[in-house]
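Chains as they are written, first to last, in our numbering: chain A, -8 to 88; chain B, -12 to 300; chain C, 14 to 265. Positions of the beta carbon are idealized from the N, C-alpha and C atoms, including for glycine.
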Amino acid sequence: MSTKDSQGQLWEVFIQANPGIPHKHAGSVHATDKEMALQNARDLYTRRSEGTSIWVVPSAAIVASAPEDSGMLFDPSNDKPYRHPTFYVMPEGAKNI
Amino acid sequence: MESTNNLEKFQTIIDADTKIEPKDWMPEDYRKHLIRQISQHAHSEVIGMQPEGNWITRAPSLRAKLILLAKIQDEAGHGLYLYSACETLGISREELIDQLHTGKAKYSSIFNYAAITWADIGAIGWLVDGAAIVNQISLQRTSYGPYSRAMIRICKEESFHQRQGYEIMGKLALGTPEQKEMAQDALNRWWWPSLMMFGPHDSDSPHSGKAMTWRIKRESNDVLRQRFIDKTVQQAEVIGLKIPDDKLKWNEAKGVYEHGEINWEEFNQVINGNGPLNKIRLANHISAHENGAWVREAANAYAAKQKKEVLVA
Amino acid sequence: MTKQEALFSYTLRLGDNALILGHRLSEWSSKGPLLEEDIAMTNMALDLIGRADAMLKYAAQVEGKGRTEDDLAYKRGERQFLCNLIVQLPNGDFGYTIARQLIMSAFDICLYEELVKSKDETIAAISAKAVKEVKYHLKFATDWTLRLGDGTEESHQRIQKSFNDIWMYTGELFEMNEVDAILIKEGIAVDLNSLKARWKKIMTEVLLEATLTVPADTYMQTGSRKGVHTESLGYILAEMQYLQRAYPDAKW
């Protein structure tokens, strides 16, 4: 027997629960090709009508940030409150759009 | 090297009840403990399909057949969620299956008992799933992110399992005398093994110490077992069945049921491979795996050809 | 034969096919080549047994003798069953089950897409649901036929042999009798002859793409329309009906 993992490759599954909302990571499945990945994802993650749309992506294709980079990546935005609407003072009596 | 600095930081994250994620630093023992526990849990779901699966073709009504099929399917699904969670720790599913086949990895001993009558399907759902749920609810708060997320999903889906088992028992208990006898007999045989599912007493539990410090496990074996007993005794009364324990009695002061001593000799024998069906359950799994080898090989070969075609085009 | 008797027989035929094929697929629990496929196989079993449940419920209603869908499933003998021989065949290896599933799903899609237009509202409604399920089953069986047909040398040979071995059971799917004659006139049933070309086209396209050969139409098995079945059906029923037969007074 070959030493290669014969369980197929790993795919990440994203499910859209209802039309109009974003796809959300649901988990992963094993499959040898994309059709199988889609069918396995359907059978595993939407048995209780949890979805209206499915994406599957080979896990190997996902680029993830490293935990040790989180300072560099995410801290610089902590001091930029002007990106949030609550930073601004609205004149008395003015209505929101 | 596991520097003290890393360890301290790790414990701070744990103590703050923040989840550990796959790419975070973790002590090697934490990783090993998780792989052992999650894979054992995954294998239990998968081997656990067998005792119930042996009744699919004999389920006594179309409704019962549909429910049982859906339930066993959930178990396969739960096995998959857990295998995936385990894989995030850097071990492949192939390796995990190999560990099961060589006996390096264990599964819950309860599934080495035989499901010999239809009432056993009721007892398994009611008692075995009932015990599993008590444990799983507690594990939703486990410190490892992927494991916790798998448990949350599993708990959401499991809630019908215990109910369907209890429903079967209830129907039998209210049925003909023969059916009632069948239900009581199943309870007699499954009660004690269900209590054993929670593992040894806290004082004898070899893996518990670190697992609690690292919050992999959130509550002790005895605490969980007691919770299960207290809930189940009441449910047995409602449908008129008798728990097979003469020493069982309500302790008003403590607000819990006291119970008789568990047969730990039996527990150890079954864990060590001498249960009624250890060899058969494993042989079935190995045989399915081997019979499927040519199919997996073909699927891999087909995928490789497809890739080549894409490159040529 | 009255129209009511014909309709009873017809709904039994449809229900029994779904029930027994679902039974066979359910036997794949814990035996799949990948855990994912275990779920896929039992998912199709759920669709089929669900359809059987609906069809037999309707059959019981048409008969009007107070029987239930469970009475029909669990208390009829071998000779009273009307499922095709092909659905009774033992599962064989994964490829054999896939080959049978492709044949049956292709047949079912042809059948149920027509039955959606049936003048019998219940049959039309059950068919509408069945069409969605069967489309998925056909896709599943097609994809696996491609993988096995165009996979390795071994898988190619295995699944080719399966198609060859099963082929003699396909002719019977299109057989018609008095039941069909009566119900076609009423606009309830479908002329099965009219489905044959499309079924053959689907089969040919999938098999060729899978680098397989379409077996020749030689001698075909027959019998199920008269309740003359394979030896396997007796075993299926012995297992399926055992509790209901052993405890006739019990309710489950």
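Here residue 24 of chain A is buried, its C-beta having at least 16 other C-beta atoms within 10 Å.
Closest option to residue 235 of chain B, judged by alpha-carbon separation, among B/221, B/225 and B/226: B/221. Taking 8 Å as the upper bound for CB-CB distance, residue 56 of chain B and residue 245 of chain C are not in contact here, some 20 Å apart. When rounded, the separation of the alpha-carbon atoms in residue 170 of chain C and residue 109 of chain C is 11 Å. Closer than 9 Å at the C-beta level to chain C, one finds no residue of the region 227 to 254 of chain B. At a Cβ-Cβ threshold of 8 Å, residue 60 of chain A and residue 56 of chain C do not count as neighbours. For the pair residue 263 of chain C and residue 163 of chain B, the CB atoms are nearer than the 8 Å cut-off. Interface annotation, residue 42 of chain A: not in contact with chain C, CB-CB separation never under 8 Å. Considered as a whole, the region 18 to 54 of chain A harbours 25 to 36 as its complete alpha helix (DSSP H) runs of no fewer than 4 residues, in chain order. Under the Cβ criterion (8 Å, minimum of three pairs), the region 72 to 88 of chain B does not count as touching the region 110 to 117 of chain B.
The Cβ-Cβ distance between residue 120 of chain B and residue 149 of chain B falls below 8 Å. Close partners of residue 279 of chain B in chain C (Cβ separation under 7 Å): 45, 46, 47 and 107.
Per DSSP, the beta-bridge partners of residue 245 of chain B are B/236. Contact of residue 210 of chain B with chain C is not assigned, every C-beta pair being separated by 8 Å or more. Rounded to the nearest angstrom, the gap between the Cα atoms of residue 187 of chain B and residue 251 of chain B is 8 Å. Between residue 22 of chain B and the set B/48, B/232, B/223 and B/94, the nearest pair of CA atoms involves B/94.
Taking the beta carbon of residue 156 of chain C as reference, the chain A residues within 9 Å of it are 24, 26, 27 and 30, listed in sequence order.
Interface criterion not met: the Cβ of residue 215 of chain C is under 8 Å from no Cβ in chain A. Close partners of residue 160 of chain C in chain B (Cβ separation under 7 Å): 285, 286 and 289. In the DSSP annotation of this structure, the continuous segment of the beta strand (DSSP E) that includes residue 4 of chain A starts and ends at 0 to 7.
Chain order gives the chain A residues near residue 53 of chain C as 30, 31 and 34, where near means a beta carbon separation below 8 Å. Residue-level contact check: residue 292 of chain B touches chain C, since one or more beta carbons of chain C fall below 8 Å from its beta carbon.
Residue 289 of chain B is classed as buried because its beta carbon has at least 16 other beta carbons within 10 Å across all chains shown. From the listed residues B/-3, B/3, B/257 and B/62, the smallest Cα separation to residue 15 of chain B is found for B/-3.
Residue 3 of chain B counts as exposed, since fewer than 16 other C-beta atoms from the protein chains shown sit within 10 angstroms of its C-beta. Shown here is that no member of the region 73 to 85 of chain A has a Cβ falling below 8 Å from a Cβ of chain B. In the displayed model, residue 15 of chain A falls within a strand according to three-state DSSP. Residue -3 of chain A places its beta carbon 8 Å or farther from that of residue 214 of chain B. Annotation: Cβ neighbours of residue -2 of chain A in chain C (cutoff 7 Å, chain order): 47. The residue among B/160, B/68 and B/276 with its C-alpha nearest the C-alpha of residue 136 of chain B is B/68.
Within the region 79 to 133 of chain B, the complete alpha helix (DSSP H) segments at least 4 residues long are 80 to 89, 105 to 110 and 116 to 126, listed from N- to C-terminus.
Taking a 10 Å sphere around the C-beta of residue 133 of chain B, we find 16 or more other C-beta atoms and assign the residue as buried.
A residue is called buried once 16 or more other Cβ atoms fall within 10 Å of its Cβ, and residue 216 of chain C is buried on that count. Of the residues B/129, B/49 and B/105, the one whose Cα lies closest to the Cα of residue 206 of chain B is B/129.
Three or more Cβ pairs closer than 8 Å define a contact, and the region 70 to 82 of chain C falls short of that threshold against the region 150 to 162 of chain C. Contact of residue 153 of chain C with chain A is assigned, a C-beta pair being separated by under 8 Å.
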